[in-house]
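For reference, the structure is listed below as structure tokens.
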Amino acid sequence: MTRPHSNKVALITGASSGIGAVYADRLAARGYDLILVARRADRLQALSARIAEAHGVKAEPVVADLGKAEDLARIEALLSTNERLHILVNNAGIARLGPVAQWSADDAVSQIDLNITALTRLTQAVLPPFIARKQGVIINIASVLGIHALPVSAVYSGTKAFVLQYSRGLQQELADTGVQVQLVLPASTATEIWDLSGVPLAALNQDTVMTTEHLVDAALAGLDQGETVTWPSVADTGLWDRYESARAELFAGSQMGTPAPRYSVV
Ligand SMILES: NC(=O)c1ccc[n+]([C@@H]2O[C@H](COP(=O)([O-])OP(=O)(O)OC[C@H]3O[C@@H](n4cnc5c(N)ncnc54)[C@H](OP(=O)(O)O)[C@@H]3O)[C@@H](O)[C@H]2O)c1
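Add 510 to a position in the sequence shown, counting from 1, and you land on the number used in the numbering used here.
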């Protein structure tokens, strides 16, 4: 059964597979027309056709490499001019998991280009129209590795830590504008990102791996509940509350203006 047409549009980056493809399905089920962005045209076209048929919405595939400035500029233009745009899902991301010295600098920068630069530019493009319309939702897909660095994840964790702090700062800036920013921090999820990253999905403890459907349904349930920060796999929400208060306490403890006594020169 299809839902009534909402007349609103959601743009999803990285929609050709994994988490993004499920966001596409779920937002279409909620009546959104879709703009689906990724590099693989065949996958995007097949998904768009399936979703349009299943949910009775319009789904437009837009092939773009968000690591390339000219493609990014095309998507920025779409975001800043589409007056029906209501949701931006900043989902496209890559991971190159391995010791920094064993990957090339180009591999490191490709993660920064997509996970940080593209997300930042697309957000920047959509904010002025969202603020002018006093509505709009930006869903930023970070990772639990944004608060946790492994010996193989220095760059990837750094990019996701950026997404975390960027989103938290934006939430404060946008508090009274009607524009929402939801930060989503998935743990291991069964997608192609793993095999592409250098750490095969099959090598993970399968008990720790979530399906993409569970992940997106949980994240959208969090959005519906008005959450600004969603940890789809974390049962005890007190963990985040305690993390946040320890972080705020540490920050307050840094505002002293003098070296800590242990650094005093005698
Ligand atoms: N899976 C996990 O365990 C996990 C955990 C935490 C966070 N995440 C985050 O979840 C997000 C989605 O990843 P996923 O797990 O669903 O992996 P995925 O299945 O590999 O999806 C990544 C998506 O990004 C697109 N993409 C990659 N490079 C691109 C580029 N240069 N330009 C445009 N699109 C590009 C891919 O499409 P094309 O190849 O067709 O371009 C694909 O649609 C990422 O931000 C990832 O960091 C994943």
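Heads up, the beta-carbon is just placed ideally off N, CA and C, and yes, glycines get one too.
As the structure is a computational prediction, the values presented were derived from the model and not from experiment.
Flag residue i as yes when its Cβ comes closer than 8 Å to any non-hydrogen atom of ligand 1, and as no otherwise.
| i | result |
| --- | --- |
| Ser-653 | yes |
| Ser-667 | no |
| Trp-750 | no |
| Gly-524 | yes |
| Lys-783 | Any property of residue 783 remains undetermined from this structure, which presents the chain solely from 511 to 776. |
| Asp-581 | yes |
| Ala-635 | no |
| Arg-536 | no |
| Glu-702 | yes |
| Ser-698 | yes |
| Asn-601 | yes |
| Asp-575 | yes |
| Val-547 | yes |
| Ser-527 | yes |
| Ile-604 | yes |
Does the beta-carbon distance from residue i to residue j come in below 9 Å?
| i | j | result |
| --- | --- | --- |
| Val-610 | Ala-664 | yes |
| Ile-651 | Ile-529 | yes |
| Leu-655 | Ile-597 | no |
| Gln-621 | Tyr-666 | yes |
| Gly-607 | Ser-707 | The sequence shown places Leu at residue 607, not Gly. Closer than 9 Å, so yes. |
| Ala-697 | Pro-742 | yes |
| Ser-527 | Thr-699 | no |
| Ala-562 | Ala-569 | yes |
| Val-532 | Thr-722 | yes |
| Thr-630 | Gln-692 | no |
| Leu-589 | Val-636 | yes |
| Ala-814 | Leu-582 | The first residue shown for the chain is 511 and the last is 776, placing residue 814 beyond what the model contains. |
| Thr-669 | Ile-641 | no |
| Val-775 | Val-709 | no |
| Gln-600 | Thr-523 | Per the sequence presented here, residue 600 reads as Asn, with Gln not at that position. A contact, by the Cβ cut-off of 9 Å. |
| Val-519 | Leu-595 | yes |
| Asp-727 | Arg-536 | yes |
| Ile-649 | Leu-733 | yes |
| Ala-548 | Ala-564 | no |
| Gly-577 | Leu-624 | yes |
Tell me whether residue i counts as near ligand 2, meaning its Cβ is closer than 8 Å to at least one heavy atom of that ligand.
| i | result |
| --- | --- |
| Thr-687 | In terms of ligand content, the structure shown lacks ligand 2 and carries ligand 1 instead. |
Got a sec, what are the start and stop residues for the alpha helix (DSSP H) residue i sits in?
| i | result |
| --- | --- |
| Thr-464 | Any question about residue 464 goes unanswered here, given that the chain covers just 511 to 776. |
| Thr-722 | 722-734 |
| Asp-575 | Here Asp-575 belongs to no alpha helix (DSSP H), and DSSP marks it neither H nor E. |
| Ala-762 | 748-763 |
Does residue i come out as helix, strand or coil in the three-state DSSP assignment?
| i | result |
| --- | --- |
| Asp-705 | helix |
| Gln-716 | helix |
| Asp-686 | coil |
| Ala-562 | helix |
| Leu-537 | helix |
| Val-654 | helix |
| Leu-582 | helix |
| Leu-693 | strand |
| Ala-569 | strand |
| Met-511 | With a pLDDT of 41 at Met-511, under the threshold of 50, the modelled position of this residue cannot be trusted; read the value that follows with caution. Three-state DSSP puts Met-511 in coil, outside helix and strand. |
| Val-775 | coil |
| Val-739 | strand |
| Gly-528 | helix |
| Ser-516 | coil |
Give a yes or no on whether 9 Å exceeds the smallest Cβ distance from residue i to chain B.
| i | result |
| --- | --- |
| Val-532 | You won't find chain B in this structure, because it holds only one protein chain. |
Please list the terminal residues of the continuous beta strand (DSSP E) segment that includes residue i.
| i | result |
| --- | --- |
| Asp-543 | 543-548 |
| Thr-523 | 519-523 |
- Message: Just to confirm the assignment: which complete beta strand (DSSP E) runs, minimum length 3, are found wholly within the region 587-651?
- Response: 595-600 and 646-651
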